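See below for the structure under consideration.
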Amino acid sequence: MPLNRRRFIAALSPAVLAQSNLDTAINDGRVIDPASGLDAIRSVGIANGVVTTLSAKPLRAKRIIDARNQVVCPGFIDLHSHGQSDENYRYKARDGVTTALELEIGVSPVKQWVEARRGKALIHYGASAGHVPARMAATNDTSDWLPAGPAATRAATDPEQIRTLELIREGLREGGAGIGMGIAYTPFASRAEILDVFKVAAQAKVPVFVHMRGAGRKDPGVVDALQEVITDAAVTGAAVHVVHLNSSSGQAFELGLSIVRGAKARGVDISYEAYPYIAGMTRLESAIFNPGFREHLDMDYKDIMLVETGERLNEETFKKYRKEGATVITFSMRDQDIDQAMAAPDVIVASDGWIDKGKGHPRAAGSYARVLALYVRERKVLSLMDAIRKMSYLPAARLEKFVPEMRRRGRISAGAFADIVVFDPARVRDKATYQNPAQYSEGITHVLVNGTAVVENEKLVEGVFPGQPVLSKVTV
Ligand SMILES: [Zn+2]
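In our numbering, the protein residues as written are 1495 to 1970.
In structure tokens:
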């Protein structure tokens, strides 16, 4: 006998009927939620931008996403994303990123930066209160983004140091998500100046996100660089997050990791991140390339590539372009170090990327799909659950003590904000290359930001701006 409508409704449980006011249902996907350990076929119900239901049966809603044979997981949270423009947010969204934060260099002032993006962002955005830009302002260094003037070339006077700290405190009060520091870019910042910044972090109870003073296995390198920030964290009580431990360790990742692990075991609040590439990117005129860099970074001129043209450098062209200023990609790491970094149980994946008018490093567009494709599916150096943990839950957990809303991101459970990625685990892959970085990842089928679709069937949704600022709540 055919089922008539009356009988059909009678057959539905009251719970299912109540769910028909859902805005969106993502049905029958393999839901992976590292926070709870859930890895099962579930349907996710969303109303008013929030996950309200996880059901073993398909749900009814105004809009249905069929997620059969696909993975449904929390949106990825990038702690280290220099690209903070519409162009960059589009690449991030197509790579599964729902929150992109500039925590390494940071900004100053914070408020102005946040307001410039409010209501116009595809994904969530935010920045730390930056020591580098604060020091640039205090020393009148007018370089573009990274210092090449007084902030990079000399010690700060006492009044300049006081002003730098004032600007950092101001940035925190305006919602700066922690304190950013790039000591390698301000090599004349004294040990005491850096320690003072950690003191502010301790007062505000926020971490310092730090690109350390040195890199590489030779002294002065990764060992004493880690010793500086670990000591500062230990003596002040501030938390510390070491950015790109992979590139800072150079060809000594295991050594760098062993120091971080040791500090953690002795009670220092320390975390670290890595990106899934063997090459880095930075500015050629910055202090990174001060004399002696080849020895310290296990890198020669030929390992440096001009982003604009793809040209590899030699001693002569290095000098020329360093004078002019240029963005460069540096091939300085080994595959085995990156495999080890991705496999480390507590590593946070972060991109450290930016793209500018189609030019940049592929990590800006492909980091997250690359982890899923290359490191999970092909090389099998980590499980899908672990990869998702390192890309969503761990970064949220790092922020939640001082950005309370982060307790509701990086998770798929009732009450969490609906920042969600749906991807095809068999097909997902990065397409961005060193030669052509401006290529969207493949296989990321749907992306929701606070319940609003920003990617549908692998296409960007135009004219939606659900991205919210990620702001700290601290007193300092
Ligand atoms: Zn960076």
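Beta carbons are placed, not taken as given, at the ideal position from N, Cα and C, and that holds for glycine. Quantities reported herein were computed from a predicted structural model and do not represent experimental measurements.
Check                                                                                                                    : Outcome
Simplified DSSP state of Ile1832, which is helix, strand or coil                                                         : helix
Closer than 7 Å: Val1737 CB and nearest ligand 1 heavy atom                                                              : yes
beta-carbon Glu1598 near ligand 1 non-hydrogen atom, thresh 7 Å                                                          : yes
The region 1699–1706 touching the region 1802–1810, judged by at least three CB pairs closer than 8 Å                    : no
Stretch pair the region 1877–1891 + the region 1612–1631: three plus CB contacts closer than 8 Å                         : no
Ligand 1 heavy atom lying under 7 Å from the CB of His1625                                                               : no
Whole-angstrom distance between Lys1551 and Ala1727, CA atom to CA atom                                                  : 49 Å
Simplified DSSP assignment, three categories, for Phe1896                                                                : coil
Cβ-based neighbour list, Val1968, same chain, cut-off 7 Å, excluding 5 preceding and 5 following                         : Leu1666, Ala1698, Lys1699, Val1700 and Phe1896
Own chain, CB closer than 7 Å to Thr1636, minus 5 neighbours either side, in chain order                                 : Gly1643
Presumed contact (8 Å Cβ cut-off) between Ser1780 and Ala1646, rounded CB distance                                       : 7 Å
Residues of its chain near Leu1965, where Cβ-Cβ distance is below 6 Å and the 5 sequence neighbours each way are ignored : Gly1669
Segment contact flag, the region 1584–1593 with the region 1548–1562, C-beta cutoff 8 Å, min 3 pairs                     : no
Rounded C-alpha distance that separates Pro1931 from Lys1853                                                             : 7 Å
Helix, strand or coil at Ala1561 according to DSSP, with G and I counted as helix                                        : coil
DSSP state of Gly1708 mapped onto helix, strand, coil                                                                    : coil
Where Asn1930 falls: helix, strand or coil (DSSP)                                                                        : coil
Terminal residues of the beta strand (DSSP E) in which Asn1944 lies                                                      : Where Asn1944 is concerned, there is no enclosing beta strand (DSSP E), given that its DSSP letter is neither H nor E.
Closer than 7 Å: His1576 CB and nearest ligand 1 heavy atom                                                              : yes
Ligand 1 heavy atom lying under 7 Å from the CB of His1705                                                               : yes
7 Å Cβ shell around Ala1820 - same chain, five flanking residues per side excluded                                       : Leu1778, Leu1800 and Glu1802
Buried or exposed by the 16-neighbour rule on C-beta atoms within 10 Å, applied to Arg1499                               : Reliability fails at Arg1499, whose pLDDT of 46 lies under 50, so the model's placement of it is uncertain and no value is given.
Sequence-distant residues of its chain with Cβ nearer than 6 Å to Arg1857 (five each side left out)                      : Tyr1769, Tyr1771, Ser1845 and Gly1847
Asp1846 Cβ short of 7 Å to ligand 1 heavy atom set                                                                       : yes
Helix, strand or coil at Arg1788 [DSSP, three-state]                                                                     : helix
Buried/exposed call for Phe1502, threshold 16 Cβ in 10 Å                                                                 : Model confidence at Phe1502 stands at a pLDDT of 45, short of 50, so the residue's coordinates are unreliable and nothing is read from them.
Cβ neighbour criterion (16 or more within 10 Å) applied to Thr1946                                                       : buried
Beta-carbon proximity of Val1601 to Pro1627, cut-off 8 Å                                                                 : yes
CB contact flag (Ala1686, Leu1595, <8 Å)                                                                                 : no
Contained alpha helix (DSSP H) runs [length at least 4] in the region 1623–1667, N- to C-terminal order                  : 1625–1632, 1644–1647 and 1652–1667
According to DSSP, residues forming a beta bridge with Leu1974                                                           : Past the boundaries of the shown model lies residue 1974; the chain is included only from 1495 to 1970, so the question cannot be answered.
CB of Pro1641 within 8 Å of CB of Thr1592, strictly                                                                      : no
Beta-carbon proximity of Ser1886 to Ile1540, cut-off 8 Å                                                                 : no
Cα-Cα separation, Arg1902 to Arg1536                                                                                     : 19 Å
DSSP state of Met1879 mapped onto helix, strand, coil                                                                    : helix
Proximity to Asp1638 [Cα-Cα], best of Ala1649, Gln1933 and Ile1599                                                       : Ile1599
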